[in-house]
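J.: Below are the structure tokens for one structure; questions will follow.
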Amino acid sequence: MENNLRVLHIDIAKGISIFLVALYHSKLSSYFPEATHAMSLFRMPLFFLLSGVFFSWSVSNRTFFMKKSEALLKPYFFILLSIFSLYVLFPNLGSNRFEPVYGLSEFQGILYGNVNTIRWLPLWFLTHLFAVYTLCFIIFKYFNFNKLPTTIKALCIFSFLAAGAFYNQDYSADIKLSFLGNEALPFTFNVILITSAFFISGRVLRTYLLKFNPSIFAMLITLSLFLIIALFTPAYVRLSVGVYESPILSTVGAFCGIYLVLSLSWLLNKSCYLSYIPLIMGRGSLFILIFHGVIAHRLERVGSKIFPGEESILAIIFTLFSFITCILIPLIIRKVVLRSSILSLVFFPIGDNKLFKKLFKK
């Protein structure tokens, strides 16, 4: 999620995307369920599309997998194995979601790596994004996807979406796979065709996205289409659990929502004051993704005890406070990590670490 090439409106779009992810996992979303439902159409597709913009397959296989493992799997396994160890040492810290004995089954769940088997649910994105990178690396490097004509690329993207949607629909339950008793495959592989389609779209549209310049007419058309689809159709997307209802409408709604978010990002980028917060969130998206859920959940549990009525003004204010805090604390954690050579080893490439470079020189 950290890129050497910084394009401000793309970073702002990432900030908006992670903001919407945190909002969805917050109790605050229960106060406007219709809007939350509507934003499901583009919330995660946007994340995958933006991840594909800077995708490169020009390095060796070993370098590619080492870099992606460091960026995605290293923080995933460090966080979840640390929590696993903590719960083994202190079983009373457990939640109702898991059995009170934290043994081999939970360890297997961490290795399995989907939303049904891990304790911090948003981390499913890290393992799945690694799987998406791997698949797309093979497609681009060994099938020369980037050299194909534009029409063939578009056909492949739509074929991925169609096949992925068909697999995840109820009417195709007879072909659904299961592994170790889980309906979702390891690393949420069951939605990889859908997510890869958006990821590849980001790479194919790279030049357009980097030079993005929206028009008022296009914004009005996409807004109208998005509202019609979101409010008057059954289209709904929840990729973490393989939901992609009304595939054609969901796909159109997703791209309309993505265009609107990019347009907003472009507009915000015109002001250094308005762009500051989403820029910070975009650059700290990894940390917000990892930590926002547990922070919001803990604070909301405290708030429900202090302010039992969900509709009371104080309860709403505390919920808003919890939401802001679940974004702010991860950004503070990022600041601390950036200043610590030891902590940076967990979240950032080892080769760029000051401590590693110092030891290597010796």
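All residue numbers for the sequence shown refer to our numbering, where the first residue is 1104 and numbers rise by one. Quick reminder that beta carbons are idealized off the backbone N, C-alpha and C, glycines included.
From the DSSP output, read off the bridge partner residues of R1341.
T.: For R1341, which the question treats as bridged, DSSP gives the partners V1346.
J.: At a cut of 8 Å, does the stretch 1170 to 1189 reach the stretch 1328 to 1343 through at least three beta carbon pairs?
T.: no
J.: Between which two residues does the alpha helix (DSSP H) containing N1164 stretch?
T.: First-last of the alpha helix (DSSP H) with N1164: 1164 to 1171.
J.: F1151 and F1301 look like a contact to me (Cβ under 8 Å); what is the Cβ gap, rounded to whole Å?
T.: Their Cβ separation, rounded to whole angstroms, is 4 Å, which keeps F1151 and F1301 in contact under 8 Å.
J.: Does the beta-carbon of F1320 have 16 or more other beta-carbons within 10 angstroms, so that it is buried, or is it exposed?
T.: exposed
J.: For a minimum of 3 consecutive residues, which ranges assigned as the beta strand (DSSP E) are wholly contained in the stretch 1344 to 1428?
T.: 1346 to 1348
J.: Tell me, please, whether the stretch 1295 to 1312 touches the stretch 1340 to 1359 by the rule of three or more beta-carbon pairs shorter than 8 Å.
T.: yes
J.: Just the C-alpha distance for P1203 and G1267, rounded to the nearest angstrom, thanks.
T.: Unreliable positioning characterises P1203 in this predicted model, as indicated by a pLDDT of 44, which lies under 50. A coordinate reading is not provided.
J.: Compare the beta carbon distance of V1364 and I1119 with 8 Å and say whether it is the shorter of the two.
T.: yes
J.: Measure from the alpha carbon of S1366 to the alpha carbon of each residue in L1392, G1387, P1317, I1416, then state which is nearest.
T.: P1317
J.: Would DSSP call T1291 helix, strand or coil?
T.: helix
J.: Please report how far the alpha carbon of F1407 lies from the alpha carbon of F1394, in whole angstroms.
T.: The sequence as given places Ser at residue 1407; Phe does not occur at that position. Taking the straight line joining both Cα atoms gives about 20 Å.
J.: Within the continuous alpha helix (DSSP H) that includes W1160, where are the two ends?
T.: Where W1160 is concerned, there is no enclosing alpha helix (DSSP H), given that its DSSP letter is neither H nor E.
J.: Buried or exposed: I1398, going by 16 or more other Cβ atoms within 10 Å of its Cβ?
T.: Classification for I1398: buried.
J.: For T1325, count neighbouring Cβ atoms within 10 angstroms of its own Cβ and tell me buried if that reaches 16, exposed if not.
T.: buried
J.: Considering only residues of the same chain and omitting the five flanking positions on each side of F1315, which have a CB-CB separation below 7 Å?
T.: H1112, L1365, W1369
J.: Rounded to the nearest angstrom, what separates L1434 and Y1379 at their Cα positions?
T.: 13 Å
J.: What did DSSP end up calling N1316 once you bin it into helix, strand or coil?
T.: coil
J.: Need the endpoints of the alpha helix (DSSP H) that N1249 sits in, please.
T.: Unbroken run through N1249: none, as it is neither H nor E.
J.: Can you tell me which of the three DSSP states T1237 falls into?
T.: helix
J.: Can you tell which of A1357, E1348, F1329, N1293 has the C-alpha that lies nearest to the C-alpha of S1304?
T.: Out of A1357, E1348, F1329, N1293, A1357 has the C-alpha closest to the C-alpha of S1304.
J.: Output needed for L1446: all residues of its chain with C-beta closer than 8 Å, excluding positions within five of it in sequence on either side, in chain order.
T.: V1439, V1440
J.: How many angstroms separate the CA atom of L1144 from the CA atom of L1126?
T.: 14 Å
J.: Would you tell me roughly how many angstroms separate the C-alpha atoms of N1219 and Y1179, rounded to the nearest one?
T.: 15 Å
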